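Per my numbering, the sequence shown starts with residue 63, numbered consecutively. The beta-carbon is built from N, C-alpha and C at its ideal position, and this holds for glycine as well. Given the structure is predicted, the values throughout are model-derived calculations rather than measurements. Below is one structure, written out as structure tokens; the observations come after it.
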Amino acid sequence: MLYGFLTRSVVADFTPDNDIPAQEGRVILITGGNAGLGKETLLRLAKRNSATSV
């Protein structure tokens with residue numbers, strides 16, 4: 063019971079704009095970046111100055 067409560071509170075507190083550090087100098091390959099979760103991941107990492115490839 064306690065484990066479920068802690069897991070939910072940690073997941074709820076994750077905000078990509080605040081919790082993903084700067085990605086300068088990194089090259090990131092994303093598969094499935096044209097839609098869905100891959101696309102959102104691509105957009106969030108691009109905001110953090112990474113060089114992305116789809």
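Rounded straight-line distance, which links the Cα of residue j to that of residue i
i	j	result
Thr114	Ile92	7 Å
Ser112	Asp75	24 Å
Gly95	Arg106	11 Å
Glu102	Asp79	12 Å
Ile82	Arg110	8 Å
Gln85	Ala108	9 Å
Residue i burial status per 10 Å Cβ neighbour count (16 or more: buried)
i	result
Leu99	exposed
Gly87	exposed
9 Å Cβ cutoff, residue i in contact with chain D
i	result
Val116	Absent from the structure is chain D; it holds one protein chain and no more.
Cβ-Cβ separation, residue j to residue i (assumed contact under 8 Å), whole Å
i	j	result
Leu104	Val116	6 Å
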